[in-house]
Structures are given as C-alpha cells and as structure tokens.
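Chemist:
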Amino acid sequence: METDRLVLRPRRAEEAAVYRRLWTERDPRVPPHRRIDAEGRPSVADVAARLGGEPGILAVELKSTGEVIGYCGLLAGDDGPDDEPELAYELLRAAHGHGYATEAGRAVLAWADEQGHRRLWAHVWDWNTASRRVLAKLGFRETGEVERGTAHGDNVLTVRDL
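For the sequence shown, the working numbering puts the final residue at 311, and the numbers step up evenly by one.
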C-alpha cells in the first residue's frame with residue numbers, strides 16, 4: 150500500500166530494533182506489560198519472534214528515505230466482534246506531528262473497506278490526546294463506553310463505520 154509519503158507493507162524481522170524502540174519510548178502511563186521490563190524484555194530477538202503473529206499490522210516506511218517509523222494496521226478483534234477489527238498504530242516520537250499516523254490510518258481504512266469490513270473500532274487512553282485527535286480525523290467517534298478504574302487511566306472505545 151502506498152500514500153503520497155508512505156509505504157505500508159509487511160513487517161520484517163530485521164526491523165525488530167525499530168519496533169523495540171517504540172517500547173522504550175512509550176509513555177510511563179502505559180501499562181507495564183506494554184513497556185520494557187526490569188530485565189530488558191522484550192529484547193530485539195523477542196520482538197522479532199512476535200512479528201509474524203500479527204499479519205494485519207504493517208510497517209510504516211517513509212517513501213523518501215526507506216526509514217521505518219512505526220506500524221499501522223488491523224488487529225483481529227480480541228475485544229470486539231471477529232468481523233470488526235481494531236485499528237492499531239504507533240510511530241516513533243521523531244515521526245510525531247507530521248500527519249503520518251493520519252495518512253497511514255487513511256490507507257488502512259481504505260484497505261479495510263476493500264476487504265469488506267463494515268466497521269472498525271479502536272481503544273485509546275483518555276490521556277492520549279494526540280491519538281484521540283488522529284482517530285477523530287479518521288472519522289472515529291467516541292461511543293461513551295469507557296473502561297474505568299485502571300491505574301493507567303480510562304480506556305475510551307471509538308468506532309468507525311465504513
């Protein structure tokens with residue numbers, strides 16, 4: 150998949166260091182199981198071993214340089230219906246603020262529509278205003294359904310009809 154500035158393609162094991170770097174850059178409010186632990190896990194090798202487990206998640210690569218700046222794609226609905234996948238994305242901090250997440254998200258929405266999906270959803274932390282803005286730009290709406298009471302903030306459910 151290509152956009153004006155990006156290539157979205159399957160992730161490669163040799164890029165595992167980039168995806169591990171995402172783990173190191175995560176906000177401290179992100180739950181511990183999604184951050185690097187005291188033993189330094191996941192390691193680059195751990196991340197590389199997991200890359201094939203999410204076939205709907207694609208590398209986001211800059212066309213101009215070939216640099217991988219994160220991922221974007223669809224996850225099978227663990228928390229939602231099987232026919233309603235979750236939109237997931239994460240970019241390196243250096244790539245924030247350039248519109249790449251919105252651009253990649255639009256490409257994935259078109260791909261999901263081509264695949265015959267009727268609706269997508271995404272969970273987002275209430276404190277993650279940048280991600281909430283991206284979802285709003287992509288046409289997701291907050292449902293009012295909130296998972297409360299976690300130590301890491303409230304998790305807001307958003308949906309988008311295709």
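Glycine included, C-beta positions come from ideal geometry on N, C-alpha and C.
Note that the structure is a prediction, hence the values are computed from the model and not measured.
1) If we call anything under 9 Å between Cβ atoms a contact, is Glu296 one with Arg281?
2) Smallest Cα separation from Glu210: which of Ala237, Glu235 and Glu151?
3) How long is the line joining the alpha carbons of Pro159 and Ala187, rounded to whole angstroms?
4) Gly302 and Trp274 - do their beta-carbons sit closer together than 9 Å?
5) Taking Cβ to Cβ, would you say Glu239 is nearer than 9 Å to His266?
6) Once DSSP output is grouped into helix, strand and coil, what is the label at Val196?
7) Hey, is Glu174's beta-carbon within less than 9 Å of any beta-carbon in chain B?
8) Tell me whether Arg268 sits in a helix, a strand or coil according to DSSP, three-state version.
Modeler: This is what the structure gives:
1) no
2) Glu151
3) 30 Å
4) yes
5) no
6) helix
7) Any reference to chain B falls outside this structure, which holds one protein chain only.
8) strand
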